[in-house]
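In this note's numbering, the protein residues as written are 448 to 606.
One structure is given below, encoded as structure tokens.
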């Protein structure tokens, strides 16, 4: 592979690394939002549970209607608590999935970084070798083996 081709490959890999970094940041943002939602639901469940417990301990109903109203209110709080528990389970699964996506995005980003390092080393080796003669060794004692320098053409296309 030529130096120019290796340079182009390195540029493409660096572009890919930027894309992987963006993907990693987006995955981290989604994971943070999922964790935030989970935390909010856990706080809601805690507050609902505390409220339900305080109403369950109440015995201050004056008549049957107040007792029925209190019972209906407690039942409503229990439904909210059950619903919130289900939402917490869903939010936990989503948060775990987002965390796995962050890990996968980090692995993809690290793989590209490793490829960049390997390509940069290969390019450095090729550049170092380009500085040394590649063909047959020159015979320094025979002036006829010297190559005659050719003037550079003004045409970059080689014609």
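We put the CB at the ideal spot given by N, CA and C, even for glycine.
Keep in mind the model is a prediction, meaning the values are calculated, not measured.
Reduced DSSP category for residue i - H, G, I as helix; E, B as strand; rest coil
{"i": "residue 475", "result": "helix"}
{"i": "residue 508", "result": "coil"}
{"i": "residue 470", "result": "helix"}
{"i": "residue 449", "result": "coil"}
{"i": "residue 420", "result": "Absent from the model: residue 420. The displayed extent of the chain is 448 to 606, so no value can be given."}
{"i": "residue 578", "result": "coil"}
Neighbourhood of residue i by C-beta, 7 Å cutoff - its chain only, sequence neighbours within 5 removed
{"i": "residue 482", "result": "542"}
{"i": "residue 498", "result": "524"}
{"i": "residue 573", "result": "450 and 453"}
8 Å CB neighbourhood of residue i in its chain, flanking five on each side removed
{"i": "residue 531", "result": "488, 491, 492 and 495"}
{"i": "residue 520", "result": "502"}
{"i": "residue 570", "result": "450, 453, 454 and 457"}
Spatially closest choice to residue i from the options, by CA coordinates
{"i": "residue 500", "options": "518, 569 and 486", "result": "518"}
{"i": "residue 480", "options": "555, 549 and 526", "result": "549"}
{"i": "residue 478", "options": "540, 458 and 536", "result": "540"}
{"i": "residue 485", "options": "526, 510, 535 and 522", "result": "535"}
{"i": "residue 459", "options": "575, 567, 571 and 577", "result": "567"}
{"i": "residue 475", "options": "538, 578 and 544", "result": "544"}
Same chain, Cβ closer than 6 Å to residue i, neighbours up to 5 away in sequence not counted
{"i": "residue 505", "result": "none"}
{"i": "residue 695", "result": "The structure shown has nothing for residue 695, since the chain only spans 448 to 606."}
Sufficient close CB pairs (3 or more, under 8 Å) joining the segment 510 to 518 to the segment 462 to 482: Counting Cβ pairs under 8 Å, fewer than three are found: no touch.
Stretch pair the segment 548 to 565 + the segment 449 to 468: three plus CB contacts closer than 8 Å: yes
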